[in-house]
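Everything below concerns the one structure shown next.
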Amino acid sequence: MSGSSPVDAVGVVGAGVIGSSVAHAVARSGIPVVLHDISADALTRARRAIEDGERLARLRRGPADSAPVRFTEEPTDLKDCGLVVENVTEDIALKEAVHRSLDEVLAPDCVVAVNTSAVPITRLALVTNHPARLVGAHFMNPVALIDTVEVVRTDIVDQRALDQLEAVLRHMGKRSVVVRDEAGFVINRCLMMFVNEAAALSAAGVAGPAEVDRLFSGCLGHRSGPLRTADLIGVDTIVRTLDVLAEHHGPERFTPAPVLRQMLDAGHLGRKSGRGFYTYSVEGEQ
Ligand SMILES: NC(=O)c1ccc[n+]([C@@H]2O[C@H](COP(=O)([O-])OP(=O)(O)OC[C@H]3O[C@@H](n4cnc5c(N)ncnc54)[C@H](O)[C@@H]3O)[C@@H](O)[C@H]2O)c1
Numbered sequence: 004m005s006g007s008s009p010v011d012a013v014g015v016v017g018a019g020v021i022g023s024s025v026a027h028a029v030a031r032s033g034i035p036v037v038l039h040d041i042s043a044d045a046l047t048r049a050r051r052a053i054e055d056g057e058r059l060a061r062l063r064r065g066p067a068d069s070a071p072v073r074f075t076e077e078p079t080d081l082k083d084c085g086l087v088v089e090n091v092t093e094d095i096a097l098k099e100a101v102h103r104s105l106d107e108v109l110a111p112d113c114v115v116a117v118n119t120s121a122v123p124i125t126r127l128a129l130v131t132n133h134p135a136r137l138v139g140a141h142f143m144n145p146v147a148l149i150d151t152v153e154v155v156r157t158d159i160v161d162q163r164a165l166d167q168l169e170a171v172l173r174h175m176g177k178r179s180v181v182v183r184d185e186a187g188f189v190i191n192r193c194l195m196m197f198v199n200e201a202a203a204l205s206a207a208g209v210a211g212p213a214e215v216d217r218l219f220s221g222c223l224g225h226r227s228g229p230l231r232t233a234d235l236i237g238v239d240t241i242v243r244t245l246d247v248l249a250e251h252h253g254p255e256r257f258t259p260a261p262v263l264r265q266m267l268d269a270g271h272l273g274r275k276s277g278r279g280f281y282t283y284s285v286e287g288e289q
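Mapped onto the numbering used here, the consecutive letters of the sequence shown carry residue numbers 4 to 289.
Now the structure itself:
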């Protein structure tokens, strides 16, 4: 944490894989968090994920003077937040509905950051009554350990919204790289092609998942190969992201490989379900 907090509290909407990780990282920087999800089970899982994330963060980064996280199923609890980060399921219609309903509960000067893998921020901004306050904040998991955030600037955003987000990111010790709004931004337009091709290659038996990933880490210096990354993100989120990219950039490059849909149907979602390209025990990968 650096200096006094730029906002009294940060709201986090959606307590899944990345929402719980965002909540943890914000709280770790000393800013109180209101974590909202419509699912009580998701909130219970998020509490556990935050405890696990904190154990890892302590090992890697040392102890922190964390602020509290309030877990709530009630959206009106977000009303006093100066910044809200939306992280609900990667589904455009759902995200549109959530942003419309956030209009009803947030203060008019609250800034709304959208954490999405591929949905254009402008598309969501235009369904709200305050389109200039939406900005993209594409966080990477685990948020407490990854120091850079892809920030997405629409053509209609208010500079104040960008400044407010930037102030919170700086407080969290993050750097940002600002890009223009375009489905998938920079990271996922590239990463999802790697994941899709790597999944197809391993399904075709050209190389197993471990071999694919070892080539990316050993030859290209990537910290994690595309299939281990896919397991961390969640195969469900990967398929939804590819669907959004296919809708905006055409099906040739982004139609999900059949194996990804088969894994989705089988419930092999990666770390979150215990099995994806790899298998996981409670303690981690086997
Ligand atoms: N998984 C990642 O590593 C990652 C990284 C960056 C961005 N994202 C993006 O973040 C978003 C969330 O991804 P995830 O992997 O955490 O998904 P997830 O499926 O793990 O979690 C989504 C959560 O949203 C909740 N939700 C659904 N409808 C809601 C509503 N109306 N109000 C409040 N909560 C609601 C669900 O209950 C669930 O807990 C997606 O847009 C995804 O593309 C994911």
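All C-beta atoms, glycine included, are put in the ideal place defined by N, C-alpha and C.
Nearest to residue i by alpha carbon, out of the options?
{"i": "Ile34", "options": "Gly19, Val72 and Gly17", "result": "Val72"}
{"i": "Ile149", "options": "Phe280, Ile21, Ser284 and Ser8", "result": "Ile21"}
{"i": "Pro111", "options": "Thr244, Ala164 and Leu263", "result": "Ala164"}
{"i": "His141", "options": "Gly253, Lys177, Asp106 and Val130", "result": "Lys177"}
Quick one: grab the DSSP three-state call for residue i.
{"i": "Thr232", "result": "helix"}
{"i": "Gly211", "result": "coil"}
{"i": "Leu2", "result": "Because the chain is modelled from 4 through 289, residue 2 falls outside the range shown and cannot be assessed."}
{"i": "His102", "result": "helix"}
{"i": "Thr157", "result": "coil"}
{"i": "His39", "result": "strand"}
Could you tell me if residue i is buried or exposed, where buried requires 16 or more neighbouring beta carbons within 10 angstroms of its beta carbon?
{"i": "Leu97", "result": "exposed"}
{"i": "Asp268", "result": "exposed"}
{"i": "Arg61", "result": "exposed"}
{"i": "Lys82", "result": "exposed"}
{"i": "Val247", "result": "buried"}
{"i": "Ser24", "result": "buried"}
{"i": "Gly270", "result": "exposed"}
{"i": "Cys84", "result": "buried"}
Hey, does residue i have any beta-carbon neighbour from chain D nearer than 8 Å?
{"i": "Gly279", "result": "Among the protein chains of the structure shown there is no chain D, as only one such chain exists."}
Rounding to the nearest angstrom, what Cα-Cα distance links residue i and residue j in this structure?
{"i": "Asp216", "j": "Thr240", "result": "20 Å"}
{"i": "Leu168", "j": "Pro66", "result": "25 Å"}
{"i": "Met175", "j": "Ala207", "result": "43 Å"}
{"i": "Phe219", "j": "Asp94", "result": "30 Å"}
{"i": "Arg136", "j": "Pro123", "result": "14 Å"}
{"i": "Asn357", "j": "Ala49", "result": "Outside the displayed range of the chain (4 to 289) lies residue 357, so it cannot be described from this structure."}
{"i": "Val36", "j": "Ala26", "result": "6 Å"}
{"i": "Glu250", "j": "Thr282", "result": "31 Å"}
{"i": "Leu46", "j": "Arg64", "result": "25 Å"}
{"i": "Val155", "j": "Ala116", "result": "9 Å"}
Mind checking whether the beta-carbon of residue i lies closer than 7 Å to any heavy atom of ligand 1?
{"i": "Leu97", "result": "yes"}
{"i": "Glu93", "result": "yes"}
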